[in-house]
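K.L.:
Chains as they are written, first to last, in this note's numbering: chain A, -18 to 362; chain B, -18 to 362.
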């Protein structure tokens, strides 16, 4: 554990375009230098100000640290708490960066890499998943600044594109020129209403070095991010994806999953390949927020409020691929084991780390949402 | 995760003598079927009713579950909490057994095994480390019953010896006839004042199948268990031990560690071998309870009370050996890494899991104290 304290140093903020400089977004299954996590403390997101989620985050941080560095962000008030949890010799670096919430996937930098192995970050505009239109909280200034701050600490140059709203959870790259997104999210009114689909495609191609964008028609029912792709579909290697699935026609996810399946079957990636599609079941029983959990949340003015019995966007697709493993969500559901078996076969060379994600899913996200990989060479793996 | 609910079934309680029936206590490094842990909730032991310790226990349970079963005891009130933390497909079985505190080493069964591989438990009398004389709490009835209850759930026959006070933390077996104990603990006035040293030896030989007992003169300074052996010295294989050590003559541990070293150098084990002794440093800076931690504890009448600045019995010797690894305490100290390096060399074939034990040490014990191995064949390893 190495402690990096808050400093005033600045990163080299770039206003140029990554693709034209030879950068591309790698697949999550490519080598990582590390992974960003943010200590969970927001009272309206995590029950009991994070009491339960801290256990889950600790387990996830340790699992990731087995094969790559973990950059664990926390605010000043929780600095002692965090240092008292993590052992010195773990691969976990504690960094004091203030944030509004803990979704590193969406507020951390999206990283690109060039042929020399140089890694750079991208800081998109973050507006809490919809800004004034349908954002989930109103004060997101610290979250919006997080990507640049993280790049500063990790000594990465950072492209800044603050007139384009995007979150890391809304894109999946295969590393070979193909990007998966969902139409409802990227075309939402709360993000870039002034831009056409073609203009959005142009930005993504310029910044992520991709050639083809796959616009899935739907995401996961109940996903308050306007249906981020990382809940419905993920690359497991180039040309191969897992898709959230249900065989139950009465489930609200039945339509969306089938639409995506039909769509994907007809699509080809940037290299002209059709997709090999693995069905990953959703939980058999909908995961809903309980009265007890609701009472353990405390919302601030302007923050999106949950309701008792509300169906949460629980999907096994929202896993994190680390250098040696897959950190894989569990919900105490009948399908937990089945999903682990499927993912074990999809990733035969990786260790599967099943983690009960209940305390995270209550906050609206899941394991992939709380992580953001930093590509690069790993000393650890 | 398999859930075993409270039932009224009874185990087969034996009043016979293990050694005469061919049973012996194995070394901790021999194969385990699993390990008992007890969910930490006691307000006078763990800060914030276990808020911090639950994180540590979760990390430890998962580390152990990588190579053996974990039997996680919890009371009815925390049953939902525990099931919401652990994923279904982990090797962790949640068992509803009510206890007073969470030191499975001392309240769980001491297990013995015979040549056929049958495992049986022993339930000693537990009196909270000294009963009326210098015990740490007055109501220990549930703790005293825990060993038999655990044997019931695990379907082990159980020897009961309720006129002899002993805790698992006060004995270390090499599995080949030698037992390590400390004189200050086993001869303490709060345990078996009516028995002579020879009478105590006879009981230990009868129940643990050992031939020779090594009576170390001292334990760790500040150890409120009257100096349990598991803080000062542990077998790492037959004929080989680690000993808590300091080179600082001004440290209160200097004398005790040197006394033990001199004593051990002259001793031989049951097979006539002298000991190979590895020095394991104690933390460089004494680990003391802070004002903030003290304020997060809440003592009940009759319970031993801590004081601000009190030195805690922090020792790297208090680790747990699982089938594939060593769960190893860390204190945020300069010696953390050095201790990990030493233990890695001592156990070259095991994975070292460093865990910050701060939240446990505040309660007076450490990683070894919260575990109790159940020997036997493992499906997992």
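Every residue gets a Cβ at the ideal spot worked out from N, C-alpha and C, and that includes glycine.
Take residue 372 of chain A and list the residues in its own chain whose beta-carbon comes closer than 7 Å to its own, dropping the five residues that flank it on each side.
P.N.:
Shown here, chain A extends from -18 to 362; a query on residue 372 of chain A therefore has no answer.
K.L.:
Taking residue 69 of chain B as the query, report the chain A residues whose CB atoms sit under 7 Å from its CB, ordered along the chain.
P.N.:
The contacting residues are 311, 313, 317 and 318.
K.L.:
List, in order along the chain, the chain B residues whose C-beta lies closer than 7 Å to that of residue 339 of chain A?
P.N.:
Result: 65.
K.L.:
Establish whether the CB of residue 43 of chain A and some CB of chain B are separated by less than 8 Å.
P.N.:
Cβ-Cβ to chain B under 8 Å: yes for residue 43 of chain A.
K.L.:
DSSP on residue 215 of chain B, reduced to helix/strand/coil?
P.N.:
Correct three-state label for residue 215 of chain B: strand.
K.L.:
Leaving aside the five residues before and after residue 1 of chain A along the sequence, list all residues of the same chain whose C-beta is less than 8 Å from its C-beta, in chain order.
P.N.:
If we look at residue 1 of chain A and ignore the five residues flanking it on each side, its Cβ neighbours are 187.
K.L.:
Could you tell me which uninterrupted alpha helix (DSSP H) segments, each at least 4 residues in length, are contained entirely in the region 38 to 85 of chain A, listed from first to last along the chain?
P.N.:
Counting whole runs of 4 or more residues, the region 38 to 85 of chain A contains the alpha helix (DSSP H) stretches 60 to 66.
K.L.:
For the region 324 to 348 of chain A, enumerate the residues whose C-beta is nearer than 8 Å to any C-beta of chain B, in chain order.
P.N.:
Residues passing the 8 Å Cβ filter: 335, 336, 337, 339 and 340.
K.L.:
Give, in chain order, every residue of the region 27 to 40 of chain B whose Cβ lies closer than 8 Å to some Cβ of chain A.
P.N.:
Those residues of the region 27 to 40 of chain B that come within reach of chain A (Cβ to Cβ, closer than 8 Å) are 32, 33, 35, 36, 37, 39 and 40.
K.L.:
Can you give me the C-alpha to C-alpha distance between residue -12 of chain B and residue 33 of chain A, rounded to a whole angstrom?
P.N.:
Residue placement at residue -12 of chain B is poorly supported in this model, since its pLDDT is 49, which falls under 50; the coordinates are not used for a value here.
K.L.:
I need the straight-line Cα distance from residue -6 of chain B to residue 140 of chain B, nearest angstrom please.
P.N.:
About 6 Å.
K.L.:
Grab me the residues of residue 342 of chain A's own chain with a C-beta within less than 8 Å of its C-beta, minus the 5 sequence neighbours each way, in chain order.
P.N.:
Excluding positions up to five away in sequence, the list reads 268, 293, 294, 295, 310 and 312.
K.L.:
Let me know if residue 74 of chain A comes out buried or exposed under the rule of 16 or more other beta-carbons within 10 Å of its beta-carbon.
P.N.:
Buried, since its Cβ has 16 or more Cβ neighbours within 10 Å.
K.L.:
Would you report the Cα separation of residue 28 of chain B and residue 252 of chain B, rounded to the nearest angstrom?
P.N.:
If you take the alpha carbons of residue 28 of chain B and residue 252 of chain B, they lie about 45 Å apart.
K.L.:
Would you kindly check if the distance between the Cβ of residue 359 of chain A and the Cβ of residue 12 of chain A is under 8 Å?
P.N.:
Yes, the Cβ-Cβ distance between residue 12 of chain A and residue 359 of chain A is below 8 Å.
K.L.:
Please go through the same chain and pick out, in chain order, the residues whose beta-carbon is closer than 6 Å to the beta-carbon of residue 259 of chain A, but skip the five residues on each side of it.
P.N.:
Correct list, in chain order: 223 and 327.
K.L.:
With a CB to CB cut of under 6 Å and the five nearest residues on each side skipped, what residues in its chain are close to residue 206 of chain A?
P.N.:
Cβ neighbours of residue 206 of chain A beyond the five flanking positions: 110.
K.L.:
With DSSP run on the structure shown, which of helix, strand or coil describes residue 163 of chain A?
P.N.:
Here residue 163 of chain A sits in strand by DSSP.
K.L.:
Below 8 Å CB to CB, which residues in the same chain sit around residue -15 of chain B once its five sequence neighbours on both sides are set aside?
P.N.:
Legend: pLDDT at residue -15 of chain B = 49, less than 50; position of this residue unreliable, no value from coordinates given.
K.L.:
Mapping DSSP to helix, strand and coil, what is residue 156 of chain B?
P.N.:
Reduced to three states, the DSSP call for residue 156 of chain B is coil.
K.L.:
Could you give the distance in angstroms between the alpha-carbon of residue 182 of chain B and the alpha-carbon of residue 169 of chain B?
P.N.:
Rounded to whole angstroms, residue 182 of chain B to residue 169 of chain B spans 14 Å at the Cα level.
K.L.:
Tell me the DSSP secondary structure of residue 298 of chain B in three-state form.
P.N.:
Of the three classes helix, strand and coil, the one that applies to residue 298 of chain B here is coil, per DSSP.
K.L.:
Spatial neighbours of residue 52 of chain A within its chain, please: CB distance less than 6 Å, with the 5 preceding and 5 following residues excluded, ordered by chain position.
P.N.:
Counting only Cβ-Cβ distances below 6 Å, and skipping sequence neighbours, we find 15, 17, 74 and 76.
K.L.:
Judging by CA-CA distance, which residue of B/-2, B/93 and B/117 is the nearest neighbour of residue 283 of chain B?
P.N.:
The option with the nearest alpha carbon to residue 283 of chain B is B/117.
K.L.:
Starting from the C-beta of residue -2 of chain B, find all residues in its chain whose C-beta is less than 6 Å away, skip the five residues before and the five after it, and write them out in chain order.
P.N.:
Only 187 meet the Cβ criterion.
K.L.:
Just list the beta strand (DSSP E) runs in the region 94 to 119 of chain A, keeping only unbroken ones of 3 residues or longer that don't cross its boundaries, in chain order.
P.N.:
Counting only runs of 3 or more, we get 100 to 106.
K.L.:
What do you reckon, are the CB atoms on residue 189 of chain B and residue 307 of chain B nearer than 8 Å?
P.N.:
Going by C-beta atoms, residue 189 of chain B is not nearer than 8 Å to residue 307 of chain B.
K.L.:
Report the partner residues of residue 209 of chain A according to the DSSP bridge assignment.
P.N.:
Answer is none; residue 209 of chain A lacks a bridge partner.
K.L.:
Using alpha carbons as the reference points, say which of A/157, A/115 and A/88 lies closest to residue 286 of chain A.
P.N.:
Residue A/115 is the option with its Cα nearest to residue 286 of chain A.
K.L.:
In the DSSP assignment, the alpha helix (DSSP H) including residue 132 of chain B goes from what residue to what residue?
P.N.:
Segment 122 to 135, the alpha helix (DSSP H) holding residue 132 of chain B.
K.L.:
For residue 281 of chain A, is the classification buried or exposed, using 16 other Cβ atoms within 10 angstroms of its Cβ as the cut-off for buried?
P.N.:
Exposed, because fewer than 16 other Cβ atoms sit within 10 Å of the Cβ of residue 281 of chain A.
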